[in-house]
Structures are given as structure tokens and as C-alpha cells.
Amino acid sequence: MGDKQGFRFHGGRPSVNFTATVGERWRDGGFERLPDPAALGRWFTEAGLTTADPACTAADLVAARELREAVYRLMLGRLSDVAAAEEDLATVNRWAAHPPPVTALHATSAGLRAQRVAATVPSLLGLIAADAVAVLGGEDAARLRECANPECSLLFLDTSRAGARRWCSMGACGSRDKMQRYRSGDR
Numbered sequence: 002m003g004d005k006q007g008f009r010f011h012g013g014r015p016s017v018n019f020t021a022t023v024g025e026r027w028r029d030g031g032f033e034r035l036p037d038p039a040a041l042g043r044w045f046t047e048a049g050l051t052t053a054d055p056a057c058t059a060a061d062l063v064a065a066r067e068l069r070e071a072v073y074r075l076m077l078g079r080l081s082d083v084a085a086a087e088e089d090l091a092t093v094n095r096w097a098a099h100p101p102p103v104t105a106l107h108a109t110s111a112g113l114r115a116q117r118v119a120a121t122v123p124s125l126l127g128l129i130a131a132d133a134v135a136v137l138g139g140e141d142a143a144r145l146r147e148c149a150n151p152e153c154s155l156l157f158l159d160t161s162r163a164g165a166r167r168w169c170s171m172g173a174c175g176s177r178d179k180m181q182r183y184r185s186g187d188r
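First residue of the sequence shown: 2, per this note's numbering; consecutive thereafter.
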């Protein structure tokens, strides 16, 4: 599936995007996009959750992976009508209880802008967990999907008007499918 080092942000929400930090889950458990604490810090910044990479420790990375996998199992369970494991619920709820990063107004040349300050790893993981609670416990749960590409395991929120989106990204999996159908004459 292309560049294995780059992060994927096709999910539509931070918690859904966070589950994409494991790639190709269908292939022997996939590969890790968060191989070290520095990668976790970069993910937070690239996801737009903070303006600077927070200092992440090995323990933060373990906690982040635990949260990610709990969120992924809960979302996958929602898609397949599998009852939620108490341990996964407890993990998500424990992190969701952490206060989110502080946000403050800053004057810029373009006007007032809200910026997160004092973003610690626990506050950022709390933000992701709270987002997962909102997705899984709200109306967005009905829009949660898994990419139709059998070689992709990414989850996403289908925000299309018809609710019929099949691909994590039209630019990746969707165009790949179109090209395969075109080449096979199945247009």
C-alpha cells in the first residue's frame, strides 16, 4: 500500500485516524507506523492536535498503542456487531477522563486563532479517547466503515451524502480499484 512510513489521515476524525497507525493489518498483524516515541510525537503534530511534537517516552508509546488497539477493536466490533470487551471499554473510558489540551486565543496577522497549548501526551491521548467515545456513542457510529479494498484495513467515517462511500481514500484504494476494473474491461 505505498509508503509505509507516512501517516494516513483518511478517517475523518482523530480517533479513526489514530487506528491507521498500523498498516496492512490483514497481513500478519500489519506494520507499525509508530515504531518509537518520536513517531508518536510527530503523529500528534501531523494530525493537527498540537503545534509542536510533545516529548514522548517509551511508556507513552506503550499507552498510546494500548489505546489505539482498544479503539480499533471497538470500532471493528461496531462494524461486525460484536459485543465490546470490558477491557477495551475501560481503556477508552480511562483515557477519556483525562482533561484535553488547553486551548487559548492568539492574535496573528490573519486575526484571532485558537491554538492548543500545554499539550501533554496524556491530554492528547485523552482527546483521542474522548473523540472515540463521541464517534462510537453518537450518530457517527452508523457512518463508520472499513475500506472495501481487501488489502487495506483502514477505517473511515462515510460523510458522503448517500452514505455509500467504499474506500478509505479515492486517491488511493478507490483509484486503484477503478484502474483494475478498467484494465480487466469490467467498466
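Quick reminder that beta carbons are idealized off the backbone N, C-alpha and C, glycines included. Keep in mind the model is a prediction, meaning the values are calculated, not measured.
Contact check, residue i vs residue j, beta carbons under 8 Å
i: ALA131; j: VAL118; result: no
i: THR20; j: ARG66; result: no
i: PRO55; j: VAL122; result: yes
i: ASP89; j: LEU80; result: no
i: ALA40; j: THR46; result: no
i: ARG28; j: PHE8; result: no
i: GLY13; j: GLY24; result: no
Assigned exposure category for residue i - 16 Cβ within 10 Å defines buried
i: GLY139; result: exposed
i: HIS107; result: exposed
i: ASP4; result: Bear in mind that the predicted position of ASP4 carries a pLDDT of just 46, short of 50, making it too unreliable to give a figure here.
i: TRP44; result: buried
i: ALA71; result: buried
i: LEU137; result: buried
i: HIS11; result: buried
i: MET110; result: The displayed chain sequence assigns Ser, not Met, to residue 110. Exposed is the call here.
i: GLY42; result: buried
i: ALA133; result: buried
Supposed close pair residue i, residue j - CB separation, criterion 8 Å
i: PRO38; j: CYS57; result: 4 Å
i: VAL17; j: LEU158; result: 6 Å
i: ALA120; j: THR51; result: 4 Å
i: LEU156; j: ARG167; result: That pair is no contact at about 13 Å.
Residue i beta carbon near the ligand HEM (any heavy atom closer than 7 Å)
i: CYS153; result: Summarising the ligand content, the structure contains no ligands, and the ligand HEM is consequently not present.
Does the count of Cβ pairs from the region 148-158 and the region 87-107 closer than 8 Å reach three? no
Does the contact criterion of 3 or more C-beta pairs under 8 Å hold for the region 51-69 versus the region 123-138? yes
If we require 3 or more residues per run, which beta strand (DSSP E) segments fall completely within the region 63-94? none
Is the region 158-168 touching the region 76-91 in the sense that three or more CB pairs, one from each, lie closer than 8 Å? no
Ignoring anything shorter than 4 residues, give me the alpha helix (DSSP H) runs that lie fully in the region 87-149, in order along the chain. Runs found: 87-97, 122-138.
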